[in-house]
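Participant: Next up is a structure, given as structure tokens.
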Amino acid sequence: MGKRTPLYDEHVALGARIVDFGGWDMPVNYGSQIEEHHAVRRDAGMFDVSHMTVVDLHGDQVRPFLQKLLANDVAKLKVSGKALYSCMLTEDAGIIDDLIVYFLAEDFFRMVVNASTRDKDLPWIERQAQAFGVRVTERPELAMIAVQGPNAREKAVNCFDPSCKSLALELKPFNAADCGGLFVARTGYTGEDGFEIIVHQDQAAALWKAFHAAGIAPAGLGARDTLRLEAAMNLYGSDMDETTTPLESGLGWTIAWEPADRDFIGRAALEKQKSAGAPRKLVGLVLEERGVLRGHQKVATNAGDGEVTSGTFSPTMERSIALARIPAGAEGDVEVEIRGKRLKARMVRPPFVRNGEIKIGEK
Numbered sequence: 004m005g006k007r008t009p010l011y012d013e014h015v016a017l018g019a020r021i022v023d024f025g026g027w028d029m030p031v032n033y034g035s036q037i038e039e040h041h042a043v044r045r046d047a048g049m050f051d052v053s054h055m056t057v058v059d060l061h062g063d064q065v066r067p068f069l070q071k072l073l074a075n076d077v078a079k080l081k082v083s084g085k086a087l088y089s090c091m092l093t094e095d096a097g098i099i100d101d102l103i104v105y106f107l108a109e110d111f112f113r114m115v116v117n118a119s120t121r122d123k124d125l126p127w128i129e130r131q132a133q134a135f136g137v138r139v140t141e142r143p144e145l146a147m148i149a150v151q152g153p154n155a156r157e158k159a160v161n162c163f164d165p166s167c168k169s170l171a172l173e174l175k176p177f178n179a180a181d182c183g184g185l186f187v188a189r190t191g192y193t194g195e196d197g198f199e200i201i202v203h204q205d206q207a208a209a210l211w212k213a214f215h216a217a218g219i220a221p222a223g224l225g226a227r228d229t230l231r232l233e234a235a236m237n238l239y240g241s242d243m244d245e246t247t248t249p250l251e252s253g254l255g256w257t258i259a260w261e262p263a264d265r266d267f268i269g270r271a272a273l274e275k276q277k278s279a280g281a282p283r284k285l286v287g288l289v290l291e292e293r294g295v296l297r298g299h300q301k302v303a304t305n306a307g308d309g310e311v312t313s314g315t316f317s318p319t320m321e322r323s324i325a326l327a328r329i330p331a332g333a334e335g336d337v338e339v340e341i342r343g344k345r346l347k348a349r350m351v352r353p354p355f356v357r358n359g360e361i362k363i364g365e366k
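Following the numbering used here, the numbering of the sequence shown begins with 4 at its first residue and continues without gaps.
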């Protein structure tokens with residue numbers, strides 16, 4: 004038996020198929036992964052993401068600490084509740100994890116890191132925090148529910164305290180607020196609008212039931228993966244890890260190069276790679292023939308071989324799509340080896356789908 008979130012019993016009651024996910028017993032679907040995917044793209048769906056790790060950071064030097072720890076720059080966070088997406092790097096610029104950090108006060112920031120990397124993230128963060136006198140506090144008593152889709156915010160706020168409704172609706176993207184006992188963030192991992200809501204574990208089941216009664220469909224890990232891949236959002240351990248840098252993972256936009264004297268961990272290695280040119284790049288692929296793209300399939304290009312990092316059948320596009328890491332000089336169409344056959348695929352500029360619309364541009 005794996006670890007269980009505070010919503011485990013709710014998943015069982017709804018008939019979820021439970022699978023092991025990084026040591027957690029999590030719902031992969033509640034009957035139809037395709038229907039759950041479409042519910043999020045067309046209306047509203049909800050995910051239990053309580054396996055994610057919430058870490059609170061306190062101290063007078065929290066901001067300088069995070070400016071050292073992260074490749075993106077928390078100097079951008081000037082209004083309480085503002086959020087920032089960033090990678091946390093090794094000295095060699097390998098990606099330890101990708102995360103979201105929230106500025107709440109000058110002596111208080113909150114981070115949400117991946118469940119699969121928790122055991123290495125926390126010791127790393129604590130070790131780097133010592134020089135800054137920053138207190139690192141994991142918050143295992145908190146649960147998290149993601150509500151996503153074009154109608155997600157409108158439906159979700161009807162389940163909030165009346166005093167919280169207008170505040171939540173007024174949140175701008177990548178902003179958060181404490182709201183009637185809830186930490187409500189306008190963020191997500193699906194390419195749709197919505198909230199990620201952090202709540203005490205004792206209140207999680209009641210909130211989940213209220214969302215369900217409001218017409219928000221429960222969705223499992225299966226739909227979460229097809230949605231995030233359509234939106235070309237990287238998955239740690241598949242599209243990036245400690246053997247890859249942000250420049251090789253389509254995440255160059257998350258690196259804050261200015262000011263030039265901000266010596267964040269991994270900067271020297273990144274600057275060296277930037278100057279020489281990253282040897283690989285992450286691209287989108289659309290399969291032009293019958294088949295399904297999957298991780299680790301070989302990709303043949305005019306500049307050498309690469310590999311599919313994440314692949315799936317896109318319910319929205321009704322096509323097979325993938326992210327692939329290939330040589331930086333590769334151009335034109337490619338071939339993917341599937342069950343011993345080479346099938347043609349078109350290189351495209353991600354994302355594939357965003358806010359319900361297919362958005363494919365030629366690479």
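Think of the CB as a built atom: it goes at the ideal place given N, C-alpha and C, for glycine as much as any other residue.
Under the three-state reduction of DSSP, which class applies to Thr315: helix, strand or coil?
Facilitator: Along the sequence shown, read from residue 1 onward, the residue named residue 315 stands at position 312. Three-state result, Thr315: strand.
Participant: Does Gly287 come within less than 8 Å of chain B when only Cβ atoms are used?
Facilitator: Protein chains in the displayed structure number just one, and chain B is not present.
Participant: Measuring alpha carbon to alpha carbon, tell me which of Lys212, Gly194, Asp122 ends up nearest Leu230.
Facilitator: Taking the first residue of the sequence shown as 1, we reach residue 230 at position 227. Out of Lys212, Gly194, Asp122, Gly194 has the C-alpha closest to the C-alpha of Leu230.
Participant: Quick check: what's the CA-CA separation for Met350 versus Leu170?
Facilitator: Reading the sequence shown from its first residue, position 347 is the one you call residue 350. Reading the sequence shown from its first residue, position 167 is the one you call residue 170. Going from the Cα of Met350 to the Cα of Leu170 covers about 42 Å.
Participant: Go through its chain and collect everything with a Cβ distance to Met243's Cβ below 6 Å, but skip five positions before and after it.
Facilitator: Your numbering for residue 243 matches position 240 in the sequence shown. Correct list, in chain order: Ile98, Asn237, Ser252.
Participant: Per DSSP, which residues does Ala327 bridge with? Please list them.
Facilitator: Indexing the sequence shown from 1 puts residue 327 at position 324. BP columns for Ala327 point to Val286, Val311.
Participant: Quick check: Gly294 and Ser317, are their CB atoms within less than 8 Å of each other?
Facilitator: For the purposes of this step, residue 294 is taken as the residue at position 291 of the sequence shown. For the purposes of this step, residue 317 is taken as the residue at position 314 of the sequence shown. Contact: no.
Participant: Just the C-alpha distance for Leu80 and Ser35, rounded to the nearest angstrom, thanks.
Facilitator: Your numbering for residue 80 matches position 77 in the sequence shown. Your numbering for residue 35 matches position 32 in the sequence shown. Computed Cα separation, rounded: 40 Å.
Participant: Could you tell me the distance, in whole angstroms, from the CA atom of Val22 to the CA atom of Met29?
Facilitator: On the sequence shown, position 19 is the one that residue 22 refers to. On the sequence shown, position 26 is the one that residue 29 refers to. Taking the straight line from one Cα to the other gives about 6 Å.
Participant: For Gly223, which option in Gly197, Gly48, Gly26 has the closest C-alpha, if you only look at C-alpha atoms?
Facilitator: By one-based count along the sequence shown, residue 223 stands at place 220. Answer by Cα proximity: Gly48.
Participant: Rounded to the nearest angstrom, what separates Leu72 and Ala271 at their Cα positions?
Facilitator: On the sequence shown, residue 72 is found 69 positions in, with the first residue counted as 1. On the sequence shown, residue 271 is found 268 positions in, with the first residue counted as 1. Rounded to the nearest angstrom, the two C-alpha atoms are 14 Å apart.
Participant: Identify every residue that forms a DSSP beta bridge with Val295.
Facilitator: Mapped onto the sequence shown, residue 295 falls at position 292. For Val295, which the question treats as bridged, DSSP gives no partner whatsoever.
Participant: Mind checking whether Gly152 and Ala42 have CB atoms under 8 Å apart?
Facilitator: Residue 152 sits at position 149 when you count from the first residue of the sequence shown. Residue 42 sits at position 39 when you count from the first residue of the sequence shown. Contact flag set, yes.
Participant: From what residue to what residue does the beta strand (DSSP E) around Leu102 run?
Facilitator: On the sequence shown, residue 102 is found 99 positions in, with the first residue counted as 1. Counting along the chain, the beta strand (DSSP E) containing Leu102 begins and ends at 98-108.
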